[in-house]
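K.L.:
According to the working numbering, the sequence shown is numbered sequentially starting from 108. Glycine is no exception: its CB is placed at the ideal position from the N, C-alpha and C atoms. Just dropping this structure here.
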Amino acid sequence: MSQGAYRQPTDSRPCNPPTGNPLADSQQFGSQPAVGQTFGNQPFGNQTVQQRKRHGVKRWITIVAAIVSVAIVGTGLYVAKLLQPDDVLRSTASPETVYGTALPASKYELRDPIVVKTDHEFVIALTDPAKVTFSEQSGTSSYVLHGAEMSAEDSARVYQDVALSVPIPTSAYAHLPRYEDRSSGDIEISGLIPLSDELHDDDDAIVGDTGFLPSDGYYYVQYMGSNGKKLAKPIVQFFTVVGEDDTDNGIKRLSGAPDVNAVVNDRGGVDISWNSVNGATSYNVYAYIITPRIGEEEDSYYRRERGSITKLGTSKTTQLLSDDYDTDKATSNYDYGNREGTRTWRQNDVFRALATENQDEIEHICPTSDSEGCAETMTRTGGVWHADSAGRLYFAVTAVDENGHEGCWHAYDASDLVPSIPLGVANGATTEQWMYGERGIFGEDNTLAERMQEYVYTFVTMANGATVPIVSEFSALTPNANGIEHAWSFQYRAPGTALEDSGTLYYEGNLNTAFESIRQAALAALPKAGGLLDRLTDVGKVDWSGYDKKKIDSNDKESPYFTFASTEFGTYLANNILNGHEVIDISGYPEWEMDTGDVIDELRYQNPYLAVTSDAFDYTKRKVGKKTVLWVKYPDDYRGRQQRLADFVNANVSQFQGSDRDKAIAIERFLAQAMTYDTDAFAAVKEGNGNTFENVEATAEYADAWSSLGMVTGKGVCMSYAYGYQALAKAAGLDTRVVSGYVSGTKAGHAWNYVKIDGQWLFVDATWDDEGADAGTRYQLKKPSDVADHFPARKGWTLSAETEKYQ
């Protein structure tokens, strides 16, 4: 695990406004924020009435626990509490000192520096055409800003530095006029930094616990005028902050702690240290995270740029270690199957918000997930993880004197540390590495080296969202784990993190002597580093380029190829997919009805015209504005393959005559004559013992062997027999189902059919009844309960709630 350290030395002068703020360093000018960006965990332009509290006639204070947003200030004046001029003092700092060359008068309208209290609010008194109105929709009351060229959130910012690069957390409210001379309404901006009790104004009816902490100075930047127009020259005003009673009581605040240093330790925790401040008896340590804007306002997943401040802890020394504030998510005496030990799967939760895009979710979880959250994730990211998507990280250390007065705030940039901070186990990649390597039904046919591949890498999600494979370290082995003979248990962990888990291998003999060679063999069999992830993501990887430009093309037209679906939602999907639609609107169905994965599994089994290639079709959930859609990608010549199957069925269906029983038997006999079992395809999947990687290659090579087209070409495995039976039976007027499951004494999955005869579901296995020139009768039209060696899966071929109907 890489480490990083961040030092930004400062002097330890006290911050005692109004004596000015001589800046130690001249910083490069920073660009103004993009339109639409704001800092806060709520959209503050349209606040609900219930979210807002009046503070007498003096101010409003919003009680928000450790969450940030960016300020809004209107035009013209900084107009701060005009009714209370004693709350705003003129600073003795000169404009030349605080603005320097970084903020030239040619580009900015520079205002005289001022001194304010922690609960200070900047106010924009709006004028026509900008105004605030009251709105009540869907039971939610809010104040809405109209007639402005930018939102309230974008109209102003507060920064801690002359470069305007580090925004300070603030809240912004638009509201109806409180005073007769403000007929168009106001916008108010106040700080959202957590305040200690001694910084509150206890005289007010409602006491807020957030505001601006005392500091060497902040920069208020206003981008919008009171009339709602964008200002050609943004207004800038430097201001320093004092505590509520500092002026009256002569309190001198200590400076922020200098030389702040943050490192990732050997267990992945973030340790923070700093130099002492004269007069300090303790220090408060804060983490400040800014996450970028996501999406556009019309998107369901839209989120403004936000900031959050978390107080990590208080220290009486000059350091705060990770162990002092971070609690690993661990389970002791962990027992899962034959494993026992400790499992630690998460750490550094305070930094989790930095990962605005999670590579593990995007590449290994969401592509096949049914959740709305994943649909939004895949839409906003385009299904691609972006390395530059992470939020920014800052640390601030304030000094507290013997009287409990908290000193000045100053945040130090630690963003370069973000890629080195581990957050937890990447569960998607971890699960795929295990599942894709399994041979047999439960992995019982894996060699020891193949079993070991599950453990030799630990997949870790970092604070920038990246998935990083780390070569695992192993503990000593424990024989006879859980009292099971030949079971050897161990702990394995990712070096440089606190993440660990337990594992078990079965070995007759002394595994201690063979363990290292088995570990090396497992490592040698796997691709290295990034190649390991590529190997996993290549399974089922689909190129969705261009689909975001396609229009919704779904409708309610029934396809002549439709066979069966258990639900209305399934019927709707089946017909749209059979008709070749690529962007299917599924918003009209309640989410509780839309277990899309299970529904589509059923459709693939029960509709042979969907399964015209071995790997059928691909799909993913996405968002189009507020709508949820299904993107569907079809195999090459999808329509042509459907037509080939239809032509074959139409050419042969007339020979199936008589009663339903006669038809059912005739179809099985026809398949025995028309088809032969594809032993080459079966060998390619190791006769059912192949792992996922081998099976994917096999289905690509033998495109017809697991499809309904196997009947047309005359060669296929059990799935082709079952699909062929279904297609012919449907055309002959029979009610049938394709069934998947297992057969005793074999390790491969198997497929057969149920057919309804005289109101009863009967069993037929056209594959195992194929005797060459004709069909045998061992599995022909038997009661399912009388077939003792076939075991249907609980779901897949049908919905789990439907399985019992066929017994």
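Expressed to the nearest angstrom, what Euclidean distance is found between the alpha-carbon atoms of ILE605 and SER527?
P.N.:
A small correction: the amino acid at residue 605 is Ala; Ile does not occupy that position in the sequence shown. About 13 Å.
K.L.:
Taking only the alpha-carbon atoms, compute the straight-line gap between GLY152 and LEU271 and give it to the nearest angstrom.
P.N.:
Note that GLY152 has pLDDT 30, beneath the 50 cutoff, so the model's placement of it is unreliable and the number below is only indicative. Answer to the nearest angstrom: the Cα atoms are 22 Å apart.
K.L.:
Can you give the Cα-Cα distance for ASP702 and TYR327, rounded to whole angstroms?
P.N.:
Cα to Cα, ASP702 sits roughly 50 Å from TYR327.
K.L.:
Just mark ILE693 as buried or exposed, buried being the case when its beta carbon has 16 or more other beta carbons within 10 Å.
P.N.:
Flag for ILE693 reads buried.
K.L.:
Going by C-alpha distance, which of ASN372, ALA779, ILE401 is nearest SER429?
P.N.:
Considering only alpha carbons, the answer is ASN372.
K.L.:
Restricting to Cα atoms, I'd like to know which of ILE707, TYR266, THR565, GLY879 is closest to ALA518.
P.N.:
Comparing Cα positions, the closest option is TYR266.
K.L.:
Given a threshold of 16 other Cβ atoms within 10 Å of its Cβ, counted over all protein chains shown, does PHE346 qualify as buried or as exposed?
P.N.:
It counts as buried.
K.L.:
Between the C-alpha atoms of MET542 and LEU640, what's the straight-line distance to the nearest angstrom?
P.N.:
Their Cα atoms are separated by approximately 14 Å.
K.L.:
Let me know the secondary structure DSSP gives GLN914 once reduced to three states.
P.N.:
GLN914: coil per DSSP, three-state reduction.
K.L.:
For MET782, name the three-state secondary structure that DSSP assigns.
P.N.:
Coil.
K.L.:
Roughly how many angstroms lie between the CA atoms of GLY866 and TYR712, to the nearest whole one?
P.N.:
If you take the alpha carbons of GLY866 and TYR712, they lie about 22 Å apart.
K.L.:
Thinking C-beta only, is VAL862 closer than 8 Å to ALA836?
P.N.:
Closer than 8 Å, so yes.
K.L.:
Which of the three DSSP states is assigned to SER892 in this structure?
P.N.:
SER892 falls in the helix class under three-state DSSP.
K.L.:
Could you tell me which whole alpha helix (DSSP H) segments of length 4 or greater appear in the region 640-707?
P.N.:
Correct list: 675-685.
K.L.:
Identify the continuous beta strand (DSSP E) that holds VAL819 and give its terminal residues.
P.N.:
First-last for VAL819: 816-820, but that is the alpha helix (DSSP H), not the beta strand (DSSP E).
K.L.:
Does the ligand HEM have a heavy atom nearer than 7 Å to the CB of TYR519?
P.N.:
For the structure depicted, the ligand HEM is absent and the ligand set is empty, with no information on it obtainable.
K.L.:
On a CA-only basis, which of THR277, THR421, VAL367 is nearest PRO316? Give me that one, please.
P.N.:
First, the amino acid is wrong: residue 316 is Asp here, not Pro. The shortest Cα separation from ASP316 among THR277, THR421, VAL367 belongs to THR277.
K.L.:
Given a threshold of 16 other Cβ atoms within 10 Å of its Cβ, counted over all protein chains shown, does PRO715 qualify as buried or as exposed?
P.N.:
Its Cβ being crowded by 16 or more others within 10 Å, PRO715 is buried.
K.L.:
Given this structure, state the Cα-to-Cα distance separating GLU479 from PRO399, to the nearest angstrom.
P.N.:
So the alpha carbons of these two residues sit roughly 21 Å apart.
K.L.:
Please identify the residue among GLY335, GLU911, GLY350 whose C-alpha is closest to the C-alpha of SER322.
P.N.:
It is GLY350 whose Cα lies nearest to the Cα of SER322.
K.L.:
Among the candidates GLU295, ASN860, GLY704, whose CA atom is the shortest distance from the CA of HIS897?
P.N.:
Minimum Cα distance to HIS897 is reached at ASN860.
K.L.:
Taking DSSP as the reference, what is the three-state secondary structure of ILE358?
P.N.:
Three-state result, ILE358: coil.
K.L.:
Please classify VAL491: is it buried, with 16 or more other beta-carbons within 10 angstroms of its beta-carbon, or exposed?
P.N.:
By the 10 Å Cβ count, VAL491 comes out exposed.
K.L.:
Look at the alpha carbon of ALA494 and the alpha carbon of GLY687, and state the distance between them as a whole number of angstroms.
P.N.:
Whole-angstrom Cα-Cα distance: 35 Å.
K.L.:
Alpha carbon to alpha carbon, what distance is there between SER624 and PHE777?
P.N.:
Taking the straight line joining both Cα atoms gives about 55 Å.
K.L.:
Would you check if there are 3 or more beta carbon pairs closer than 8 Å linking the region 249-261 to the region 225-239?
P.N.:
As far as the Cβ criterion goes, the region 249-261 touches the region 225-239, which means the pair count is three or higher.
K.L.:
Per DSSP, what kind of secondary structure is SER389 in: helix, strand or coil?
P.N.:
SER389: strand per DSSP, three-state reduction.
K.L.:
Do VAL223 and VAL348 count as a contact pair if the criterion is CB distance below 8 Å?
P.N.:
Their beta carbons are under 8 Å apart, which means VAL348 touches VAL223 by this criterion.
K.L.:
If you pair each beta-carbon of the region 575-588 with each one of the region 552-566, do three or more pairs fall below 8 Å?
P.N.:
Counting Cβ pairs under 8 Å, three or more are found: they touch.
K.L.:
Using the Cα positions of THR417 and VAL457, report the straight-line distance between them to the nearest angstrom.
P.N.:
Spanning the two alpha carbons is a distance of roughly 8 Å.
K.L.:
To the nearest angstrom, how far is it from the Cα of GLY448 to the Cα of ALA594?
P.N.:
Answer to the nearest angstrom: the Cα atoms are 14 Å apart.
K.L.:
Since PHE870 is in the alpha helix (DSSP H), which residue starts that stretch and which ends it?
P.N.:
Run containing PHE870: none in the alpha helix (DSSP H); it sits in the beta strand (DSSP E), 867-871.
K.L.:
Whose C-alpha, out of GLN762, ARG885, ASP743, GLU709, is nearest the C-alpha of ALA908?
P.N.:
Among GLN762, ARG885, ASP743, GLU709, the Cα nearest to that of ALA908 is on GLU709.
K.L.:
Would you identify the three-state DSSP class for ASP456, choosing helix, strand or coil?
P.N.:
Note: ASP456 maps to helix in three-state DSSP.
K.L.:
Confirm, please, whether the CB-CB distance from LEU524 to GLN454 is below 8 Å.
P.N.:
No, the Cβ-Cβ distance between GLN454 and LEU524 is not below 8 Å.
K.L.:
For GLY856, which beta-bridge partners are listed by DSSP?
P.N.:
Paired residue(s): TYR849.
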